[in-house]
Amino acid sequence: MGEHRTYLCIDLKSFYASVECVERGLDPMEAHLVVADPERTEKTICLAVSPALKELGVPNRCRVFQIPPGIQYVMAPPRMKLYMEYSARIYAIYLQYIAKEDIHVYSIDEAFMDVTNYLPMYRLTARELSLRIMQDICDTVGITAACGIGTNLYLAKVALDITAKHSEDHIGMLDEEKYRKTLWEYRPLTDFWRIGPGLAARLADLGIYTMGQLTKAGEDVLYKTFGIDAELLIDHAWGCESVTIADIKAYRPKTNCLSNGQVLGCDYGHEKGKLAAKEMADALCLELVEKEMATESITLQLVYAGGRGTMAPVHGTISMPAATSSARMILSYVERLYDSIETRGQPIQKIYLTFNRLVDETYQQYDLFHEPAGTDRERRLQKAMLDIKKKFGKNAVLKGMSLQEGATARERNQQIGGHKSGEQTENEPRGTG
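Residue numbers (this note's numbering): 472 to 904.
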């Protein structure tokens, strides 16, 4: 056993919705507000729902049409750049208390902190330090935070996700003993970190519905069913986690890849889907040039509309004769891969593209079918495009395919994380469900 440690996991409650409330002078805990793009259909997902709406039964990340009729609410278009600015301001607050080496930013609205060595220095308990940081966030930016405190990273996260929501001060605390005593019979399993609906369903097939039942299951069965992932499941069932923030900071992946994915605004047919995939590949090629890397293989996955019920996703991987960052070469292979896996006539809803086995561009090779001079010219052109985009914006220069019907690059270039990044318009849409 290693040294006893204390971790905090701080979450900003309904972050996007809270930011929009603060910007409007509204109380984030009282206002009825959803963050969703009014220019999309009623099927669009609400990126955030204010806590007051959640108390009225509006589920988090619901679709607009699922908001019960009769509820008055403000619909705020997403402004991802603004949320990133708020997140940076809050991270600056963390740095007033904890060194960056002891902070792991888990997402835009959540962070882990190892406060083991800070508690004696501040002469505070973990709860007292948590309250001080949370109050500072509220006073500085007007957003309410919640916190989980645990003796390892996993317990801190579970304390946040499960126990903090039942606490008046929005703080939950767990050690291994308390976890086993209070949460071994807790349901549903999907409330626990890293257990999604699919994994919970596979556990249910084994007759496992609680963490306590998981500890009593035969390890042979678990390893046969889940492979190496069974080790993590078993550790978490007992409330154990050996990884520290120092381990996370020191981690370096053995292999590198670049990936891009998008949910299409409407269902795409064969040709429009191919166009979107090629645009994604072209954007990744520019990223390769910027990072001075080359790729040796490509993986493409297509998810069809209603995929769970009617048609499973399809995917494939294609290798190239030499590592390259040439868009001309890569797009031809993407097109070939797309045609080999796409089932014509089925509407496509999502596309995921990955460049595998990245290598330094020093190892980029020429093949018999491409002249070195032509490849070098293309690379210089790609670098010139990057310079123009950096100076004048991503849409300052576009390829002809991005002007075709069904192209998505122009719109995506104005987004962050697939959502609008711009400032709020004056005419703010309001809804009544």
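All C-beta atoms, glycine included, are put in the ideal place defined by N, C-alpha and C.
Distance between residue j and residue i (C-alpha atoms, nearest Å)
i: A798; j: S558; result: 35 Å
i: V490; j: P499; result: 8 Å
i: R560; j: A675; result: 43 Å
i: R848; j: G744; result: 29 Å
i: P530; j: V520; result: 8 Å
i: D810; j: Y565; result: 50 Å
i: T634; j: H575; result: 21 Å
i: H641; j: W709; result: 24 Å
i: D691; j: A701; result: 9 Å
i: H475; j: S713; result: 11 Å
i: R594; j: D831; result: 49 Å
i: Y804; j: K762; result: 21 Å
i: Q820; j: M592; result: 53 Å
i: G905; j: T515; result: The requested residue 905 does not occur in the structure, where the chain is confined to residues 472 to 904.
i: H786; j: Y568; result: 46 Å
i: G871; j: G667; result: 41 Å
i: C533; j: L527; result: 13 Å
i: L504; j: E513; result: 16 Å
i: T879; j: V586; result: 45 Å
i: T988; j: L759; result: Here the chain has residues from 472 to 904 only, and residue 988 is not among them.
i: E501; j: P724; result: 44 Å
i: C618; j: D632; result: 9 Å
i: T814; j: V612; result: 50 Å
i: L859; j: R851; result: A quick correction: the sequence has Ile, not Leu, at residue 859. Their backbone Cα atoms lie some 13 Å apart in a straight line.
i: H741; j: L518; result: 29 Å
i: T696; j: S601; result: 40 Å
i: G877; j: I719; result: 41 Å
i: E494; j: D610; result: 15 Å
i: G778; j: P784; result: With a pLDDT of 47 at G778, under the threshold of 50, the predicted position of this residue should be treated as unreliable, though the coordinate-derived value follows. Taking the straight line from one Cα to the other gives about 6 Å.
i: T477; j: A671; result: 29 Å
i: C492; j: A523; result: 12 Å
i: K967; j: K749; result: Nothing about residue 967 can be reported from this structure: the residues present for the chain run from 472 to 904 only.
i: M856; j: L497; result: 43 Å
i: Q817; j: D738; result: 9 Å
i: I614; j: M605; result: 9 Å
i: I481; j: G669; result: 27 Å
i: E647; j: A630; result: 11 Å
i: W664; j: L624; result: 11 Å
i: R658; j: M791; result: 48 Å
i: L839; j: Q853; result: Confidence at L839 is low in this model, with a pLDDT of 47, below 50, so its placement is unreliable and the value that follows should be read with caution. Each residue's Cα considered, the two are about 22 Å apart.
i: A488; j: V535; result: 14 Å
i: Q537; j: V545; result: 15 Å
i: C418; j: L677; result: No answer is possible for residue 418: it lies beyond the span of the chain, which begins at 472 and ends at 904.
i: K552; j: H637; result: 32 Å
i: G541; j: E510; result: 21 Å
Beta-carbon separation (whole angstroms), residue i vs residue j, contact threshold 8 Å
i: P539; j: D508; result: That belief does not hold up - the Cβ atoms of P539 and D508 are roughly 20 Å apart, past 8 Å.
i: T795; j: I801; result: 7 Å
i: L590; j: G621; result: Wrong, their Cβ atoms sit about 14 Å apart, outside the cutoff.
i: A597; j: L479; result: 7 Å
i: A616; j: F583; result: The Cβ separation is near 13 Å, so there is no contact.
i: L685; j: L703; result: Incorrect: roughly 11 Å between the Cβ atoms, too far for contact.
i: I716; j: D580; result: Actually they are not in contact, since the Cβ atoms of I716 and D580 sit about 18 Å apart, beyond 8 Å.
i: L771; j: L808; result: 5 Å
i: E639; j: G683; result: That belief does not hold up - the Cβ atoms of E639 and G683 are roughly 27 Å apart, past 8 Å.
i: Y554; j: F486; result: 7 Å
i: A922; j: I822; result: For the chain, the structure presents residues 472 to 904; residue 922 sits outside this window and is missing.
i: Y680; j: L693; result: Incorrect: roughly 15 Å between the Cβ atoms, too far for contact.
Residues that residue i bridges to, as DSSP identifies them
i: S578; result: E581
i: G643; result: G619
i: I516; result: R534
i: C728; result: According to DSSP, C728 bridges with nothing at all.
i: Q772; result: H786, Y823
i: L631; result: DSSP lists no partner for L631.
i: T766; result: T795
i: D482; result: E581, A617
i: V505; result: V520, M546
Exercise. Which whole runs of the beta strand (DSSP E) in the segment 794-869 are 3 residues long or more, in chain order?
Worked result: 819-827
Problem set entry | the segment 755-774 / the segment 814-831 touching (three or more Cβ pairs under 8 Å) | Judged by Cβ distances under 8 Å, the segment 755-774 makes contact with the segment 814-831, as three or more pairs qualify.
Exercise. Are the segment 850-870 and the segment 754-761 touching, with three or more C-beta to C-beta distances below 8 Å?
Worked result: Remark: three or more beta-carbon pairs, one from each stretch, lie closer than 8 Å, so the segment 850-870 and the segment 754-761 are flagged as touching.
For this session: Check whether the segment 650-666 touches the segment 727-740, counting contact only when three or more Cβ pairs, one atom from each stretch, lie closer than 8 Å.
Result: Under the three-pair Cβ rule at 8 Å, the segment 650-666 does not count as touching the segment 727-740.
For this session: Only counting runs of 3 or more residues, tell me where the beta strand (DSSP E) segments fall wholly within the segment 672-755, in order along the chain.
Result: Complete beta strand (DSSP E) runs here, min 3: 729-739.
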